[in-house]
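Protein chains in written order, with the numbering used here: chain P, -11 to 164; chain R, 15 to 117; chain L, 2 to 129.
What follows is one structure encoded as structure tokens, with my remarks underneath.
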Amino acid sequence: MKELVIGVGDGGVSRDADSMLITYALGSCVALMLHDPVAQVAGMVHYMLPESPESQERGNVRPCKFADTAIPFLLHAALAQGADKRRLIVFAAGGAQVMNDNSIFNIGKRNCLALRKALWKFGLVAHAEDIGGTVVRTVRMQVGTGRVWLQTPSGERWELSPRRLHAAPREESPWR
Amino acid sequence: MSDHDLDHLLAGAVDDVLETMFFSETFGSCELEPDLTAIEAFVSFSGAKSGSVSVRISEASARSLAASFLGESEGSLDDAPGSASSLRTQQHALRQHCYKDGV
Amino acid sequence: MALNIMIVDDSPVMRVFLRKVVQLTGLSVGEYCEAGDGEAALQELRQRWIDLILTDINMPHMNGEEFVRQLEADEVLRDIPVIVVSTDASRERIDRMFKLGARGYISKPFQPETLRDEVERILGAQHV
Chain P
-11 MKELVIGVGD
-1 GGVSRDADSM
9 LITYALGSCV
19 ALMLHDPVAQ
29 VAGMVHYMLP
39 ESPESQERGN
49 VRPCKFADTA
59 IPFLLHAALA
69 QGADKRRLIV
79 FAAGGAQVMN
89 DNSIFNIGKR
99 NCLALRKALW
109 KFGLVAHAED
119 IGGTVVRTVR
129 MQVGTGRVWL
139 QTPSGERWEL
149 SPRRLHAAPR
159 EESPWR
Chain R
15 MSDHDLDHLL
25 AGAVDDVLET
35 MFFSETFGSC
45 ELEPDLTAIE
55 AFVSFSGAKS
65 GSVSVRISEA
75 SARSLAASFL
85 GESEGSLDDA
95 PGSASSLRTQ
105 QHALRQHCYK
115 DGV
Chain L
2 MALNIMIVDD
12 SPVMRVFLRK
22 VVQLTGLSVG
32 EYCEAGDGEA
42 ALQELRQRWI
52 DLILTDINMP
62 HMNGEEFVRQ
72 LEADEVLRDI
82 PVIVVSTDAS
92 RERIDRMFKL
102 GARGYISKPF
112 QPETLRDEVE
122 RILGAQHV
């Protein structure tokens, strides 16, 4: 299976059913994923911070770095590839409080709030999410099926299924 | 319940409302700026403990909260009614917390 | 089949919020009907068919509790599912509203998906 890596502050959409979207080491960052099961369009964005700078600086920054620009970016990219907003299945992962974040500005929590704020603004609601906590997550989404798997540094793996917000029983994942 | 515990409880209730329905985080209380043009909402409560909790914010912050609550851009909001109504809604939600925790 | 939804709340902003949450459910909605209190809601209900009611409790003129009581007393209106959306989260109130005929209860503050799930649960059961 082809792996399409989404880097930090990056995002992308695919219609290649044999591909897997992957993003690594989500600490306080959040990965938002969209899947249209009919059009078989999948998208993923890995954002770092909740809010983009003031508008006059916006032209100089990458939209996927910030929740308020990353989420509409991903939505529009998915729609441009033929996804229908009404069919979209939405997943989210990340937003952990990382060990070296001792400030009162808990970036992970702020990123989670920004996620929910942006989803609400754009008329989306997460069907499944694994956010918060302290664990660093790696996320994979299979483009053809829309299935999502999470993995921790210790090697624990589980599938994130819609409507089931807690860890699912371990299933065989399509990669080693 | 001590006054300190009550303050902590009320602050937690405010945090919960702002985070859950306004997607906004608080960073603790602060001194009131006397010259600040602000919108204020307050909820009174009575029982084993009596008093009130108030939220006082600038018009700009109220507009931001209103936009978050409604899922709109700030620029698309009407003026005062949106912000004031948003605060009234917030006031209702604060009242829920006062009752819920038996205060 | 498009459903007609009634939202009963004395706060215009909360009515906007609830309408937006219903839109998130993906339900095919024919008509939204709004009222600021139970009395106005009952007048509307005599003029149009409604498939689901979301109602607050603390409202002027006729509060949500009396509104639901009157719905239950009506042979036709009692079949309309009612979800209460209220700041009152006391056990006594929740129990009382279910005894009066409410099918669901959401206490504020709530996340949009909480109400969305409740709407889908109740209308799903309705159509089984």
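We put the beta carbon where it would ideally sit given N, CA and C, even for glycine.
The structure displayed is predicted, hence computed values, not measured ones.
| Looking at chain L, which residues of the region 52 to 67 of chain R have a Cβ within less than 9 Å of any of its Cβ atoms? | Correct list: empty, as no residue qualifies.
| message | Against chain L, does P:Gly121 count as a neighbour if the rule is that its beta carbon must be under 8 Å from one of theirs? | response | Judged by the 8 Å Cβ criterion, P:Gly121 is not in contact with chain L.
| message | Can you check whether the C-beta of R:Glu40 is within less than 8 Å of a C-beta belonging to chain L? | response | Sequence check: residue 40 of chain R is Thr here, not Glu. R:Thr40 has a beta carbon lying at 8 Å or more from every beta carbon in chain L.
| query | Using a Cβ-Cβ distance under 8 Å, would P:Val136 count as near chain L? | reply | No, P:Val136 lies away from the interface with chain L (no Cβ there is under 8 Å from its Cβ).
| query | Using a C-beta cutoff of 8 Å, does R:Ser2 count as contacting chain P? | reply | With chain R covering only 15 through 117, there is no way to say anything about residue 2 of chain R.
| List, in order along the chain, the chain R residues whose C-beta lies closer than 7 Å to that of P:Lys97? | Within chain R, the residues near P:Lys97 are Glu39.
| query | Which runs of the beta strand (DSSP E) fall wholly inside the region 89 to 154 of chain P and span at least 3 residues, in chain order? | reply | Secondary structure within the region 89 to 154 of chain P: the beta strand (DSSP E) runs of 3 or more consecutive residues, fully enclosed, are 116 to 119, 125 to 130, 136 to 139, 145 to 148 (chain order).
| request: Write down the C-beta distance between L:Ile6 and L:Leu72 rounded to the nearest angstrom, noting that I regard them as a contact closer than 8 Å. | output: The distance from the Cβ of L:Ile6 to that of L:Leu72 is about 15 Å, inconsistent with a contact at the 8 Å cut-off.
| field | Cβ-based contacts, 8 Å cut-off: residues of the region 7 to 25 of chain L near chain P | value | Shown in chain order are the members of the region 7 to 25 of chain L whose Cβ falls below 8 Å from a Cβ of chain P: Lys21, Gln24, Leu25.
| Three or more C-beta pairs below 8 Å linking the region 68 to 88 of chain P and the region 100 to 115 of chain P | With a cut-off of 8 Å, the region 100 to 115 of chain P and the region 68 to 88 of chain P count as touching, because enough Cβ pairs lie within range.
| query | How about R:Val67 and R:Leu32: are their beta carbons less than 8 Å apart? | reply | Contact flag unset, no.
| message | Give me, in chain order, the residues of the same chain whose beta-carbon lies closer than 7 Å to that of P:Val86; leave out the 5 immediate sequence neighbours on both sides. | response | So the qualifying residues of the chain are Gly15, Ser16, Gly96.
| Skipping 5 residues on each side, what residues in its chain have a beta carbon closer than 7 Å to that of R:Ser87? | Cβ within range, chain order: Ala81.
| task | State the DSSP-derived secondary structure class of L:Gly39, mapped to helix, strand or coil. | result | Note: L:Gly39 maps to helix in three-state DSSP.
| Going by beta carbon distance, what residues of the same chain come within less than 8 Å of L:Ile84, once the five residues before and after it are set aside? | Setting aside the 5 residues that flank it on each side, L:Ile84 is surrounded in the same chain by Leu53, Ile54, Leu55, Thr56, Ala103, Arg104, Gly105, Tyr106, Ile107, Leu116, Glu119, Val120, Ile123, each with a C-beta closer than 8 Å to its C-beta; the list follows chain order.
| said: Taking the alpha carbon of P:Ala30 as the reference point, which residue from P:Leu37, P:Leu20, P:Cys100 has its own alpha carbon closest? | reply: The option with the nearest alpha carbon to P:Ala30 is P:Leu20.
| message | Would P:Gly82 pass as an interface residue toward chain L - the criterion being a Cβ-Cβ separation below 8 Å? | response | Interface criterion not met: the Cβ of P:Gly82 is under 8 Å from no Cβ in chain L.
| query | Beta-carbon separation of L:Met63 and L:Asp11 under 8 Å? | reply | No Cβ-Cβ contact shorter than 8 Å links L:Met63 with L:Asp11.
| message | Per DSSP, what are the beta-bridge partners of P:Leu165 in this structure? | response | With chain P represented from -11 up to 164, any question about residue 165 of chain P goes unanswered, as that position is not in the structure.
| message | Is it the case that the region 6 to 13 of chain P contacts the region 119 to 139 of chain P, given that we only count it when at least three CB pairs across the two stretches are under 8 Å? | response | Per the Cβ contact rule, the region 119 to 139 of chain P is in contact with the region 6 to 13 of chain P (3 or more Cβ pairs under 8 Å).
| query | Measuring CB to CB, does L:Glu66 end up less than 8 Å from L:Leu101? | reply | Result yes, Cβ atoms of L:Glu66 and L:Leu101 sit closer than 8 Å.
| Inter-residue CB distance, P:Ala5 and P:Thr126 (contact presumed, cutoff 8 Å) | About 22 Å; that fails the 8 Å criterion.
| query | Just curious, the beta strand (DSSP E) that P:Asp(-2) is in, first and last residue? | reply | Unbroken beta strand (DSSP E) run through P:Asp(-2): -2 to 2.
| Euclidean distance between Cα positions of P:Leu22 and P:Ala65 | When rounded, the distance between both Cα atoms is 10 Å.
| field | Segment limits, alpha helix (DSSP H) that includes L:Ile95 | value | Its alpha helix (DSSP H) spans residues 92 to 101.
| message | Just to make sure I have the definition right: I need the residues of chain B whose C-beta is within less than 8 Å of the C-beta of R:Asp30. Which are they? | response | Looking at the structure shown, chain B is missing, and the protein chains on hand are P, R and L.
| task | Note down, in chain order, every chain L residue with its Cβ under 8 Å from the Cβ of R:Leu84. | result | Under the 8 Å cutoff, chain L gives Val14, Val17, Phe18, Lys21.
| task | For chain R, find out if any of its Cβ atoms is closer than 8 Å to the Cβ of P:Trp108; answer yes or no. | result | Chain R contact via Cβ: present.
| task | Pick out the complete beta strand (DSSP E) segments inside the region 47 to 80 of chain L, 3 residues or longer, and give them in chain order. | result | If we require 3 residues or more, the beta strand (DSSP E) runs fully inside the region 47 to 80 of chain L come out as 53 to 56.
| If you measure from the beta carbon of R:Glu33 to each beta carbon in chain P, is any gap under 8 Å? | Nearest CB-CB separation between R:Glu33 and chain P: below the 8 Å threshold.
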